[in-house]
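Using my numbering, you'd call the opening residue of the sequence shown number 129 and step up by one each time.
The C-beta atom is built at its ideal place from N, Cα and C for all residues, glycine as well.
The structure appears below as structure tokens.
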Amino acid sequence: MFDMRYHITSLVAVFLALAVGIVLGTAIVNKGIVERQQSALVSSLRSEFGSLRERNRALQEQANHNEQFFQNMLPLLIDKRLAGKRIAVVSTSANDAVRIRPVVTRLTQAGATVSVITIARQDLGVGEPSMAVKLQKIFVREKLKGEELRQRLIAEVATQVASLAEPAFLDQLAQIGVMQITGADRLPADGIVFIAGSSPKTMIEKVQVPLLERVRRGSVIVVGAEATDVKESVVPLYQDRDISTVDNAESPIGQFSIVMALSGRAGHYGVKDTADVLAPRLESR
Numbered sequence: 129m130f131d132m133r134y135h136i137t138s139l140v141a142v143f144l145a146l147a148v149g150i151v152l153g154t155a156i157v158n159k160g161i162v163e164r165q166q167s168a169l170v171s172s173l174r175s176e177f178g179s180l181r182e183r184n185r186a187l188q189e190q191a192n193h194n195e196q197f198f199q200n201m202l203p204l205l206i207d208k209r210l211a212g213k214r215i216a217v218v219s220t221s222a223n224d225a226v227r228i229r230p231v232v233t234r235l236t237q238a239g240a241t242v243s244v245i246t247i248a249r250q251d252l253g254v255g256e257p258s259m260a261v262k263l264q265k266i267f268v269r270e271k272l273k274g275e276e277l278r279q280r281l282i283a284e285v286a287t288q289v290a291s292l293a294e295p296a297f298l299d300q301l302a303q304i305g306v307m308q309i310t311g312a313d314r315l316p317a318d319g320i321v322f323i324a325g326s327s328p329k330t331m332i333e334k335v336q337v338p339l340l341e342r343v344r345r346g347s348v349i350v351v352g353a354e355a356t357d358v359k360e361s362v363v364p365l366y367q368d369r370d371i372s373t374v375d376n377a378e379s380p381i382g383q384f385s386i387v388m389a390l391s392g393r394a395g396h397y398g399v400k401d402t403a404d405v406l407a408p409r410l411e412s413r
């Protein structure tokens, strides 16, 4: 006998099966589409990444060639720019020899005679009791200590670098370990390059800045320089004292800028936001 309930149940089962089939079929189709889209996207990204990598490699290679060319040309560009000039390079860190060496090389290629003064003690050694005693003996009649001693030292160092009134004074500081001097016989200086290097900002503020403020009062040309990769730029400190600055001293272009600034082409050169232009324009001599 025909059972309506059985018939309805069968129809429901058929429709459920059909629905399940449609859902599964759609999912399979969609999965295939998604997989194809994902595969196409991955292929596209790989291709784009490969193109970018190749473009970056080509640009880096071109930059290397340009730098090599400029480096080869630099001795010709700076030749005799500082002929007969005596230049002092001042650093406040004993760890900056590697940074200073190429700068000294360029200054020499430009015709300058170069002296290097490295202040090896924090705060000129005034804060070290044993060193302070040695420093006080240099100014034994003045009975100085603390900030007065530091200011007196800075004033005297500036005077000697710029005028060399008493050469023995710098020798004394070198003997007790306050500073290291190479080429002291090439002083007094016509120009001075202050290298920030790896010195902490406090060292720049306490020693370099007061020193450069003293020496720039005369006719000495003063330039403040640092490398591109320093942790904290001190170029603003230099600029506040109205001296020329170079923020890429490790590069041939930066070294060119240092030479040109010392030759009288004042400005703020480099690659950072504080620079006005990359380098001085090259004009015929």
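Tell me whether residue i is buried or exposed, calling it buried when 16 or more other Cβ atoms sit within 10 Å of its Cβ.
i: aspartate 404; result: exposed
i: glutamate 189; result: exposed
i: aspartate 313; result: exposed
i: phenylalanine 130; result: Unreliable placement is indicated for phenylalanine 130, whose pLDDT of 48 sits below 50; no coordinate value is reported for it.
i: threonine 330; result: exposed
i: leucine 410; result: exposed
i: arginine 184; result: In the sequence on display, residue 184 carries asparagine and not arginine. Asparagine 184 comes out exposed.
i: proline 295; result: exposed
i: valine 261; result: exposed
i: tyrosine 397; result: buried
i: leucine 180; result: exposed
i: aspartate 224; result: buried
i: glycine 346; result: exposed
i: alanine 168; result: exposed
i: leucine 202; result: buried
Starting from residue i, trace the alpha helix (DSSP H) both ways and give me its first and last residue.
i: glutamine 237; result: 225–237
i: threonine 287; result: 274–291
i: valine 374; result: No alpha helix (DSSP H) holds valine 374; the beta strand (DSSP E) holding it covers 372–374.
i: glutamine 308; result: Not the alpha helix (DSSP H): glutamine 308 falls in the beta strand (DSSP E), residues 307–310.
i: arginine 342; result: 337–343
i: glutamine 300; result: 295–303
i: proline 364; result: 363–368
Determine the contact status of residue i and residue j, defining contact as a CB-CB distance below 8 angstroms.
i: leucine 365; j: glutamate 333; result: yes
i: serine 219; j: glycine 325; result: yes
i: methionine 307; j: isoleucine 215; result: no
i: alanine 238; j: leucine 204; result: no
i: serine 243; j: leucine 315; result: yes
i: isoleucine 371; j: valine 350; result: yes
i: glutamine 264; j: lysine 273; result: yes
i: arginine 234; j: valine 387; result: yes
i: glycine 305; j: arginine 249; result: yes
i: leucine 390; j: glycine 311; result: no
i: valine 321; j: alanine 283; result: no
i: isoleucine 381; j: phenylalanine 197; result: no
Taking the beta strand (DSSP E) that residue i belongs to, which residues open and close that run?
i: glycine 319; result: 319–323
i: glycine 352; result: 349–353
i: serine 391; result: No beta strand (DSSP E) holds serine 391; DSSP gives it neither H nor E.
i: isoleucine 266; result: From DSSP, isoleucine 266 is part of no beta strand (DSSP E) but of the alpha helix (DSSP H) over 257–266.
i: valine 218; result: 214–219
i: valine 242; result: 241–247
Rounded to the nearest angstrom, how far is the Cβ of residue i from that of residue j, given a contact under 8 angstroms?
i: serine 385; j: alanine 355; result: At roughly 13 angstroms, the Cβ-Cβ gap does not stay under 8 angstroms, so serine 385 and alanine 355 are not in contact.
i: alanine 317; j: valine 348; result: 6 angstroms
i: asparagine 376; j: valine 399; result: 5 angstroms
i: valine 335; j: isoleucine 206; result: That pair is no contact at about 29 angstroms.
i: serine 221; j: serine 327; result: 4 angstroms
i: leucine 252; j: leucine 292; result: About 19 angstroms; that fails the 8 angstroms criterion.
Any heavy atom of the ligand SAM closer than 7 angstroms to the CB of residue i?
i: alanine 225; result: With respect to the ligand SAM, the structure shown offers nothing to examine, as it has no ligands at all.
> Should the stretch 221–231 be regarded as contacting the stretch 253–262, the criterion being three or more beta carbon pairs within less than 8 angstroms?
Replying inline: no
> Using 8 angstroms as the Cβ pair cut-off and three pairs as the minimum, do the stretch 338–355 and the stretch 262–275 touch?
Replying inline: no
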